[in-house]
Amino acid sequence: YIANIRSVVVSCLALTRFNWFSFNGNICVSADMKFICLTLLLVSGITDSRSEQYKVVGPADPVFVVAGEDVNLPCSVKPNTSVVDMRVEWFRPDLKEAQLVHLYEDHENRNTDQIQSYRGRTTLNHQELLMGNASVKLSSVQISDEGRYKCFIQSKSWYDDATVNVSVEVVGRPPVITVDGFDYSGRLHLLCESEGWYPKPDLEWLDSEGVRLSPETTETHRETDRFNVKHTITVHHSVGKIHCKVKLRHHMHETQIITTSKKMFIFWRNYWRTSVIMISVAVVFSASAGILLATFVTKTRVTTQLRKYTMNAVLDADTAHPHLIVSHYGKQRPCLSEMKFIIFLTLLIISGATDSRSEQYKVVGPADPVFAVSGEDVILPCSVKPNISVVDMRVGWSRPDQNDSLVHLYENHVDKNTDQIQFYRGRTKLIYQELQRGNASLKLSSVQIFDEGRYKCFIESKSWNDDTTVNVKVEAVGRPPVITVDGFDYSGGLHLQCESEGWYPEPDLEWLDNEGVSLGSETTATQRNTDGFSVKHTITVRHSDKIHCRVKLRHHMLETLIITTSNMFISWRIPVILISFFVVLSVIAGILIVVLVHKYKAIHLRTYMVNVILDADTAHPLKDFSFQHPCSSEMKFICLTLLVISEITYSRSEQYEVLGPADPIFAVAGEDVILPCSLKPSISVVDMRVEWFRPDLKEAQLVHLYEEHEDRNTEQPESYIGRTTLNHQELQRGNASLKLSSVQVTDEGRYKCFIQSKSWTNDATVNVRVEAIGTPPVITVDGFDDSGGLHLQCESEGWNPEPVLEWLSSEGVSLSSETTETQRNTDGFSVKHTTTVYERDSMIHCRVKMKHHMLETMIISSNKRFNPLRTSIILISAVVVLIVIAGILIAAFVHKNKELYQLNNENEMIEKEDGQLQKVKIKLQNDCQTLQNEISRIQQESEEYTKRMQQEHEHLEKEKSIIKQEHEQLEKEKSIIKKERDQL
Numbered sequence: 001y002i003a004n005i006r007s008v009v010v011s012c013l014a015l016t017r018f019n020w021f022s023f024n025g026n027i028c029v030s031a032d033m034k035f036i037c038l039t040l041l042l043v044s045g046i047t048d049s050r051s052e053q054y055k056v057v058g059p060a061d062p063v064f065v066v067a068g069e070d071v072n073l074p075c076s077v078k079p080n081t082s083v084v085d086m087r088v089e090w091f092r093p094d095l096k097e098a099q100l101v102h103l104y105e106d107h108e109n110r111n112t113d114q115i116q117s118y119r120g121r122t123t124l125n126h127q128e129l130l131m132g133n134a135s136v137k138l139s140s141v142q143i144s145d146e147g148r149y150k151c152f153i154q155s156k157s158w159y160d161d162a163t164v165n166v167s168v169e170v171v172g173r174p175p176v177i178t179v180d181g182f183d184y185s186g187r188l189h190l191l192c193e194s195e196g197w198y199p200k201p202d203l204e205w206l207d208s209e210g211v212r213l214s215p216e217t218t219e220t221h222r223e224t225d226r227f228n229v230k231h232t233i234t235v236h237h238s239v240g241k242i243h244c245k246v247k248l249r250h251h252m253h254e255t256q257i258i259t260t261s262k263k264m265f266i267f268w269r270n271y272w273r274t275s276v277i278m279i280s281v282a283v284v285f286s287a288s289a290g291i292l293l294a295t296f297v298t299k300t301r302v303t304t305q306l307r308k309y310t311m312n313a314v315l316d317a318d319t320a321h322p323h324l325i326v327s328h329y330g331k332q333r334p335c336l337s338e339m340k341f342i343i344f345l346t347l348l349i350i351s352g353a354t355d356s357r358s359e360q361y362k363v364v365g366p367a368d369p370v371f372a373v374s375g376e377d378v379i380l381p382c383s384v385k386p387n388i389s390v391v392d393m394r395v396g397w398s399r400p401d402q403n404d405s406l407v408h409l410y411e412n413h414v415d416k417n418t419d420q421i422q423f424y425r426g427r428t429k430l431i432y433q434e435l436q437r438g439n440a441s442l443k444l445s446s447v448q449i450f451d452e453g454r455y456k457c458f459i460e461s462k463s464w465n466d467d468t469t470v471n472v473k474v475e476a477v478g479r480p481p482v483i484t485v486d487g488f489d490y491s492g493g494l495h496l497q498c499e500s501e502g503w504y505p506e507p508d509l510e511w512l513d514n515e516g517v518s519l520g521s522e523t524t525a526t527q528r529n530t531d532g533f534s535v536k537h538t539i540t541v542r543h544s545d546k547i548h549c550r551v552k553l554r555h556h557m558l559e560t561l562i563i564t565t566s567n568m569f570i571s572w573r574i575p576v577i578l579i580s581f582f583v584v585l586s587v588i589a590g591i592l593i594v595v596l597v598h599k600y601k602a603i604h605l606r607t608y609m610v611n612v613i614l615d616a617d618t619a620h621p622l623k624d625f626s627f628q629h630p631c632s633s634e635m636k637f638i639c640l641t642l643l644v645i646s647e648i649t650y651s652r653s654e655q656y657e658v659l660g661p662a663d664p665i666f667a668v669a670g671e672d673v674i675l676p677c678s679l680k681p682s683i684s685v686v687d688m689r690v691e692w693f694r695p696d697l698k699e700a701q702l703v704h705l706y707e708e709h710e711d712r713n714t715e716q717p718e719s720y721i722g723r724t725t726l727n728h729q730e731l732q733r734g735n736a737s738l739k740l741s742s743v744q745v746t747d748e749g750r751y752k753c754f755i756q757s758k759s760w761t762n763d764a765t766v767n768v769r770v771e772a773i774g775t776p777p778v779i780t781v782d783g784f785d786d787s788g789g790l791h792l793q794c795e796s797e798g799w800n801p802e803p804v805l806e807w808l809s810s811e812g813v814s815l816s817s818e819t820t821e822t823q824r825n826t827d828g829f830s831v832k833h834t835t836t837v838y839e840r841d842s843m844i845h846c847r848v849k850m851k852h853h854m855l856e857t858m859i860i861s862s863n864k865r866f867n868p869l870r871t872s873i874i875l876i877s878a879v880v881v882l883i884v885i886a887g888i889l890i891a892a893f894v895h896k897n898k899e900l901y902q903l904n905n906e907n908e909m910i911e912k913e914d915g916q917l918q919k920v921k922i923k924l925q926n927d928c929q930t931l932q933n934e935i936s937r938i939q940q941e942s943e944e945y946t947k948r949m950q951q952e953h954e955h956l957e958k959e960k961s962i963i964k965q966e967h968e969q970l971e972k973e974k975s976i977i978k979k980e981r982d983q984l
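With the UniProt record's numbering applied, the sequence shown corresponds to residues 1 to 984, in that order.
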């Protein structure tokens with residue numbers, strides 16, 4: 001409607017202008033048309049006066065989000081107005097096909113045409129729509145969610161939109177530094193790699209001063225939608241800490257290695273000098289062997305030529321040469337023994353060089369069972385040590401506990417699973433990239449309960465084979481436990497039943513109170529079906545408390561709780577107390593009535609009384625002349641009754657008890673902790689005195705004092721000022737727990753919670769244990785020993801109490817520390833352990849543990865030049881074998897004189913190649929001439945294009961001047977119209 005009005009206004013203005021210029025004499029027609037146009041213009045201004053003020057706004061900068069998290073895409077109407085009755089649409093303009101992300105219309109979400117990948121992940125807050133906020137919440141963000149989003153809002157009278165740019169980030173794994181050996185000049189090679197990032201991250205090396213070090217090689221690989229980076233660097237001398245840092249916009253991971261030992265670099269320089277000397281000796285020895293072989297070949301050739309002139313002769317043993325060697329056939333073999341010795345020695349050296357390492361390979365697996373969760377994926381570890389590629393080998397996985405049934409087979413560079421067990425089809429996978437590193441681990445997807453058992457990993461090459469066994473334990477995590485309230489017994493106890501199902505193997509179910517104390521179950525029931533184990537336990541509770549039902553299974557635990565308040569137990573006692581109270585009142589009323597009746601009778605008898613004087617000497621000897629009150633026995637009964645009532649009314653006040661935790665409270669330095677303290681049964685302590693203090697100090701120090709409805713901490717120690725808080729709302733529920741903020745190591749000790757009312761007092765003790773988490777452990781490469789072992793040192797500081805530091809191999813086996821050192825200062829404990837590693841290409845972990853906390857780092861020791869002594873032997877053996885073979889070849893070529901022939905052939909080849917090069921040169925010259933011609937042609941076309949552009953520019957200037965004139969004319973007409981409108 002508004003658009004139609006605007007079009008009419010434009011048409012009227014055009015028609016008015018036509019009438020003015022074409023019919024100067026007809027003033028009436030022109031004035032009428034101007035009046036109509038002016039009226040429509042006012043209507044349009046009134047209808048659009050407010051619609052033009054609303055605007056849909058979004059963020060100016062891109063919205064950054066980490067994959068897997070939730071994000072709000074901002075969109076709102078300014079000024080704020082409700083969009084509940086409007087249409088709100090979110091879509092992706094950067095996609096070619098289906099674009100709808102979320103649609104809100106007619107007070108409901110309409111997402112039938114929503115993109116499949118967004119189903120169930122978008123939400124609009126309907127309460128925020130009332131405030132003009134149309135932001136959409138996108139859950140579990142994926143990399144594919146990156147791009148442009150359009151927020152479109154439409155009402156009956158206006159519409160507008162805003163664009164939101166979303167950038168998704170994936171934080172990869174922390175970088176791992178690999179010690180990749182030394183080169184010939186004694187420089188240390190380091191490799192740093194990290195994987196799983198998006199978008200491409202920046203990896204840089206830094207020295208201890210933060211100066212950036214340039215990498216020698218850089219590698220970046222993209223796998224599906226993630227980036228892997230790898231950089232190498234060479235360290236020339238001990239430079240202290242070397243940092244490898246991976247950065248991505250708002251995220252960063254860093255690791256470091258320390259190379260402070262100068263003897264490590266000196267050792268490698270001396271090692272290479274020793275190797276050169278040994279190789280030189282081997283060369284001399286091999287040259288001597290070559291000369292001997294050449295001499296032997298020459299002698300053999302001369303002997304062969306002389307055989308042409310041989311004749312049969314009979315030798316006399318007495319007159320023949322004493323060292324003459326005669327064969328079995330009576331013919332002389334002058335060098336037979338030497339020939340056998342040389343051939344035998346050569347074959348022995350070659351066999352030793354080629355097979356020296358094959359006997360050392362071993363297939364290894366995990367020492368402990370591998371635990372897997374039903375429905376998830378698991379890796380069955382299997383690798384070759386030392387690491388070599390198994391791409392060309394045969395890798396087989398089978399089940400020895402099921403008649404060696406095939407699980408997975410890799411052979412001739414492909415998977416051959418035609419004979420695979422049926423229920424393993426499509427669930428097994430070998431990682432081909434890892435096969436090159438000697439890792440034949442099997443990935444088993446969607447683990448099921450029947451996958452539990454023994455697996456055999458068998459690897460076979462042309463010269464050796466070996467296998468290892470992997471034990472797999474499957475766990476199925478069942479449903480969360482459910483607590484059922486099963487009524488009261490005659491004594492007021494509350495029956496509770498807890499049950500959970502779907503577990504494997506059989507789990508443990510236990511009841512716990514608020515302090516973590518185990519409660520004995522009254523009845524237990526366990527059943528097994530196809531889905532696993534179901535457990536059911538019952539218990540009876542007789543007081544108010546938090547009751548936990550916990551189901552545990554090795555590495556998993558599920559828990560639920562129920563809170564039984566004091567009102568639950570008091571409710572059934574209230575009728576009994578009321579009935580008892582009315583009974584007591586009735587008894588008292590009856591006694592009072594009896595007393596009044598007796599008094600009335602006594603008064604009635606006084607009218608017949610006479611004064612009688614009795615003589616004590618003549619009176620009855622047992623007569624008591626003391627005053628006899630007629631109601632003394634009744635008063636005694638009344639007092640006894642009041643005493644019983646008092647005991648009943650105050651019987652419960654003696655049952656109140658201040659309770660604290662049975663176990664120590666563990667707190668982490670720098671964080672906050674709650675020190676539990678409560679009153680049982682729960683009653684308000686708002687009107688009581690609550691005091692927290694430290695009884696373990698020489699002078700008992702006040703920690704926190706609450707009295708007369710306020711905190712009174714004037715005598716509080718300075719170290720606790722501003723760090724203690726009581727929740728006054730919880731005091732009404734009998735909870736006097738103290739919140740201690742920013743815990744310090746000095747806060748460790750015993751705390752007393754003292755509660756005092758007008759009629760009773762009680763207290764409870766809370767033991768606090770403070771744990772300070774130290775710095776991540778740092779591994780220092782400290783050189784090699786004489787046998788080729790790599791010295792590693794791991795240290796960490798700032799722990800409390802003293803932590804445990806241990807070395808672990810890649811299989812998780814604990815490695816013994818050679819030296820240990822522990823120091824304590826004001827910041828806590830510092831630990832330092834050293835070890836020597838002799839294995840190659842293995843991950844060495846340094847782990848620092850302390851009760852509930854653990855930090856870990858690792859270093860990879862590469863097999864490149866790891867063992868210098870073994871490397872020297874292999875190099876020398878290889879050189880000796882090559883030189884011996886070279887000597888044999890030289891001797892053979894000397895006899896055949898083929899070198900000159902080969903040189904002639906090479907000369908001819910060079911001449912042919914020279915002719916071909918000449919032809920290529922001519923061709924290149926022709927191509928160069930063609931290119932020059934093409935360049936000149938392009939220059940001519942460029943000049944022509946420049947001329948045309950100048951002509952077009954002049955033409956545009958002329959049109960600009962014409963438009964300017966027309967604009968001035970329109971301004972004049974506008975002023976005339978304005979004057980006429982003012983007159984109207």
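Virtual Cβ for every residue (Gly too), placed ideally from N, Cα, C.
{"Query": "Buried versus exposed call for residue 528 [16 or more other C-beta atoms within 10 Å across all chains shown]", "Result": "exposed"}
{"Query": "Whole runs of the alpha helix (DSSP H) within the segment 85-136, excluding any shorter than 4 residues", "Result": "126-129"}
{"Query": "For residue 212, three-class secondary structure by DSSP", "Result": "strand"}
{"Query": "Residue 714 in three-state terms, based on DSSP", "Result": "coil"}
{"Query": "Among 689, 145 and 667, the one whose alpha carbon lies nearest that of residue 739", "Result": "667"}
{"Query": "Rounded separation between residue 390 and residue 483 - CA only", "Result": "54 Å"}
{"Query": "Start-end ranges of the alpha helix (DSSP H) lying completely within the segment 431-476, minimum 4 residues", "Result": "432-435"}
{"Query": "Pair within 8 Å by beta-carbon distance, residue 71 and residue 65", "Result": "yes"}
{"Query": "Test item: CB-CB of residue 848 and residue 777 under 8 Å", "Result": "yes"}
{"Query": "Exposure label - residue 91; buried when at least 16 CB within 10 Å", "Result": "buried"}
{"Query": "Residue 984 - DSSP class collapsed to helix/strand/coil", "Result": "coil"}
{"Query": "Neighbourhood of residue 625 by C-beta, 6 Å cutoff - its chain only, sequence neighbours within 5 removed", "Result": "At residue 625 the pLDDT is 42, less than 50, meaning the model places this residue with poor confidence; the figure from the coordinates comes in the next sentence. Nothing listed; no residue qualifies."}
{"Query": "Span separating the alpha-carbon of residue 681 from that of residue 767", "Result": "23 Å"}
{"Query": "Simplified DSSP state of residue 670, which is helix, strand or coil", "Result": "coil"}
{"Query": "Residue 382 (DSSP reduced to helix, strand or coil)", "Result": "coil"}
{"Query": "Classification of residue 979 by the beta-carbon crowding that lies within 10 angstroms, buried from 16 upward", "Result": "exposed"}
{"Query": "Nearest-angstrom beta carbon gap, residue 518 and residue 510 [assumed within contact, 8 Å]", "Result": "6 Å"}
{"Query": "For residue 530 and residue 375, the rounded distance between their alpha carbons", "Result": "15 Å"}
{"Query": "Same chain, Cβ closer than 7 Å to residue 982, five either side skipped, listed in chain order", "Result": "none"}
{"Query": "7 Å Cβ shell around residue 1 - same chain, five flanking residues per side excluded", "Result": "Note that residue 1 scores a pLDDT of 40, beneath 50, so its modelled location is shaky and nothing firm can be said."}
{"Query": "Outcome for residue 949 when other beta-carbon atoms lying within 10 angstroms are tallied against a minimum of 16", "Result": "exposed"}
{"Query": "Distance between residue 383 and residue 463 (C-alpha atoms, nearest Å)", "Result": "17 Å"}
{"Query": "Unbroken beta strand (DSSP E) run spanning residue 497, endpoints", "Result": "494-503"}
{"Query": "Where residue 707 sits in the DSSP three-state scheme", "Result": "strand"}
{"Query": "6 Å CB neighbourhood of residue 551 in its chain, flanking five on each side removed", "Result": "481, 500, 507, 509 and 558"}
{"Query": "Contact check, residue 378 vs residue 447, beta carbons under 8 Å", "Result": "yes"}
{"Query": "Residue 148 beta carbon less than 8 Å from that of residue 94", "Result": "yes"}
{"Query": "Where the alpha helix (DSSP H) through residue 1008 begins and ends", "Result": "Past the boundaries of the shown model lies residue 1008; the chain is included only from 1 to 984, so the question cannot be answered."}
{"Query": "Beta-carbon spacing of residue 857, residue 255 below 8 Å", "Result": "yes"}
{"Query": "Enclosing beta strand (DSSP E) for residue 144 [first to last residue]", "Result": "Residue 144 -> no beta strand (DSSP E), and no H or E assigned at all."}
{"Query": "Whole-angstrom distance between residue 746 and residue 698, CA atom to CA atom", "Result": "14 Å"}
{"Query": "Buried versus exposed call for residue 11 [16 or more other C-beta atoms within 10 Å across all chains shown]", "Result": "A caution first: residue 11 carries a pLDDT of 49, below 50, which makes its placement in the model unreliable, though a value can still be read off. Residue 11 is exposed by the Cβ-count criterion."}
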